[in-house]
Each structure stands twice: as C-alpha cells, then as structure tokens.
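Residue numbers (our numbering): 181 to 488.
Structure record follows, encoded as structure tokens.
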C-alpha cells in the first residue's frame, strides 16, 4: 500500500495528483491512496479542492481513492486526529516504532534531492507500505502523461457567469496574452521569507518575449490586487484587469488563463497549471527563472515553454 499526503493550495494539489497518477501507473499491483487529513486542520486557500472541481460523473478520467485513518496509520505511524488521546497514541507509536515508520516515509522537501528521491520512488519495495510527502513539481512525473492529466483535471465551464464567458471568448482568440501577478498571500509573513517578489523587470522582459510571437497582443492581467496592477503596469497598453473570481471561484482564473494563446506565469504553481492545461498546439508559456529565494525554478522542457 502506498499513501501520498496531499497538502497546500490548488496548484500544489494538482501536482500531487499528477504524481499520484504516476504512482498508480508505476505500481499497478499496489493500492495507491490519498491522505487528505492535512486539510482537517489546515484550510489553506480553499481547502481540498480536487474532488469538488474534478470529481463528476462525466469526468471518468479523474480517479482518486482516499486513505482511511487506519491506512494512514499503517503507512505513517500517525493517526490524523486533533484530539488529545490520539496525540498521545501517536507519541507512543513513534516511541516504539519510530524507526520502522521513518524507513518507509519518503520526503521530498528538505530531506532528499530530486534525483535521489526519484530513484527511491522508482524502486519502492514490492508488497510493503510506503508513505510519501512532497509537492513533486518535477516534470518527469507527468510530462509523458499530459494528455490524460489534462483530461482528468478538466474544469466544468458550463455555468461560469456572463462576465467569465465573455472573457473566455476573448482569451480563445489568437492574440490573447494572460499575465498572472500574485500578490495577497505572497506579501504575508511565511511567504516573503521564501518566495521572490517578482518585479517589473521580469514582466517587461516577458511581455517583450510574447510580442515576438504574437502581433497586436491583447493582455489580460489576473491578480488579487487591482490597484497595484493599475499603477505598476501603467506602461502596458491594451489591458484588461481580471480580479472578479474570488473565494471558491478562484479556480476560474486558472481555467481562463489556460485558454490564452500566451501565458506569462508568476512564481506560482497556480499559473503553472494554467500553462500545463493549455491544449493549444502553439501555446507559449513564459515563466520566471527566479522562484524561491534559495533556488531558481525548475527547467521545463515542454515545447513552447520559455524561461526568462
């Protein structure tokens, strides 16, 4: 049995789903389960969104089997509960069986480099339990499966409202350029220590790169800070600012951006997935080299992806 821990916001959940899909195909003889208990006490952004957005009768490509509390305990040695009794139980488990569970726990973040981790992931012991934690942005886990992943992670756009339908028609045109500018939480403590605050140098360079491929471009800037956009991007013409999709409807920004002829991403998995979901054969996705303060972004080898 393999249990994968899901955490964080929508973009990271989608990368974790792509990795979950990789595990299912890599180990067809094993049960591969999703531990979503993290969301019981962490309501990052909109909570766990995958089933709400993608699990519907007509979307048979989306498959996600949840781990039970017992499944999670068998693989991690932790009962995902908040009450005091269970916390004591978890301590006892770690005291007497901590070494066992540490040996079957595979960490991505801060524990192993990507190559070392992938080598271990690709050689999990058959018939034994494993618990896996991480974000798994490495394109090696999904690049060859993008067609199936796009089908599984397809949004229902049948009832998105008149304004979004109008935007969708505009974004489907050949001169559309979507720009993602993430402010909000990226300016909060916990983010400022880790994430690069992308400045206008990046966006100016990215716009110039987009103009090389797209004549007479129409720009659509997606952001949660309209006032900042109107000031900071006053050098850019032919612009529509999009900031009406909030709360549970925030995912619609990703869905809309995925239709643009070109996309300029932020250092954000949210807009990266807007690029990955783009079905255009001539899609152009421009992404920043600068990502986290301690290391640069991954290098994408997907056709049409350009690093600036």
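Think of the CB as a built atom: it goes at the ideal place given N, C-alpha and C, for glycine as much as any other residue.
Item: Residue 183 - DSSP class collapsed to helix/strand/coil; Value: strand
Item: Span separating the alpha-carbon of residue 469 from that of residue 484; Value: 15 Å
Item: Whole-angstrom distance between residue 396 and residue 191, CA atom to CA atom; Value: 31 Å
Item: Length at least 3, wholly inside the region 390-434: the beta strand (DSSP E) runs in chain order; Value: 398-403 and 419-422
Item: Residue 251 - containing alpha helix (DSSP H), residue span; Value: 249-256
Item: First through last residue of the beta strand (DSSP E) which encompasses residue 446; Value: Where residue 446 is concerned, there is no enclosing beta strand (DSSP E), given that its DSSP letter is neither H nor E.
Item: Per DSSP, the bridge partner or partners of residue 360; Value: 402
Item: Contact under 9 Å by Cβ, residue 466 with residue 401; Value: no
Item: Residue burial classification, residue 479 (beta-carbon count within 10 angstroms, cutoff 16); Value: exposed
Item: Inter-residue Cα distance where the pair is residue 196 and residue 213; Value: 12 Å
Item: Three-state secondary structure assigned by DSSP to residue 327; Value: helix
Item: Cβ pair residue 488, residue 386 closer than 9 Å; Value: yes
Item: CB contact flag (residue 334, residue 441, <9 Å); Value: no
Item: Simplified DSSP assignment, three categories, for residue 212; Value: strand
Item: Whole-angstrom distance between residue 438 and residue 181, CA atom to CA atom; Value: 35 Å
Item: Neighbour-count burial assignment, residue 341, 16 or more Cβ in a 10 Å radius; Value: exposed
Item: Proximal residues to residue 432 (C-beta, below 7 Å), its chain only, five neighbours per side dropped; Value: 340, 344 and 425
Item: Contact belief for residue 255 with residue 309 at Cβ below 8 Å, rounded distance in angstroms; Value: 5 Å
Item: Assigned secondary structure, residue 244 (DSSP; H/G/I helix, E/B strand, else coil); Value: coil
Item: Status (buried if at least 16 other CB within 10 Å, exposed otherwise) for residue 410; Value: exposed
Item: Nearest to residue 430 (by Cα), restricted to the options 210, 232 and 381; Value: 232
Item: Three-way DSSP call (helix, strand, coil) for residue 456 in this model; Value: helix
Item: Residue 321 versus residue 211 - alpha carbon distance; Value: 18 Å
Item: Candidates 407, 420, 392 and 415, of which the one nearest residue 398 by Cα; Value: 420
Item: Nearest to residue 223 (by Cα), restricted to the options 243, 319 and 428; Value: 428
Item: Candidates 200, 241 and 208, of which the one nearest residue 216 by Cα; Value: 200
Item: Opening and closing residue of the beta strand (DSSP E) in which residue 311 lies; Value: 310-313
Item: Buried versus exposed call for residue 349 [16 or more other C-beta atoms within 10 Å across all chains shown]; Value: exposed
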